[in-house]
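Every number in this note's numbering is 1472 more than the matching position in the sequence shown, counting from 1.
Worksheet: one structure, shown below.
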Amino acid sequence: MKTLQESSAQLFNSLDNEQLEQPGIASGKPTYVKGIAYILLGHALHHKKILEERYLS
């Protein structure tokens, strides 16, 4: 999980503002590249919480 987070951070940190502002469609909804970065971070935190609740408490 840590490797995935680090590689995602490297990817998004390598993009400039123009690239981050590119529009697109994700799951049928309009979004921007920078929006996907926030979605990925939130999704990773969601899974971390589940792992902690189910297996580490």
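The C-beta atom is built at its ideal place from N, Cα and C for all residues, glycine as well.
- For GLY1496 versus THR1503, is the C-beta distance shorter than 8 Å? Here residue 1496 refers to the residue found at position 24 when the sequence shown is read from its first residue. Here residue 1503 refers to the residue found at position 31 when the sequence shown is read from its first residue. Yes, the pair counts as a contact, with Cβ atoms nearer than the cut-off.
- Figure out for me which residue from ALA1509, ALA1498 and GLY1500 has the closest Cα to the Cα of GLN1482. Numbered from its first residue, the sequence shown carries residue 1482 at position 10. With distances taken between Cα atoms, GLN1482 lies closest to ALA1509.
- Item | Integer Cβ distance of LYS1506 from GLU1493, believed to fall under 8 Å | Taking the first residue of the sequence shown as position 1, residue 1506 is located at position 34. Taking the first residue of the sequence shown as position 1, residue 1493 is located at position 21. Correct: roughly 7 Å between the Cβ atoms.
- Task: Determine the closest residue to LEU1476 out of GLU1490, LEU1512, ALA1498 and LEU1487, with distance taken between C-alpha atoms.
- Result: Taking the first residue of the sequence shown as 1, we reach residue 1476 at position 4. When each option's Cα is compared against that of LEU1476, the closest is LEU1512.
- Item | Beta-carbon proximity list for SER1480, same chain, < 6 Å, skipping 5 on both sides | For this step, residue 1480 is matched to residue 8 along the sequence shown. Counting only Cβ-Cβ distances below 6 Å, and skipping sequence neighbours, we find LEU1512.
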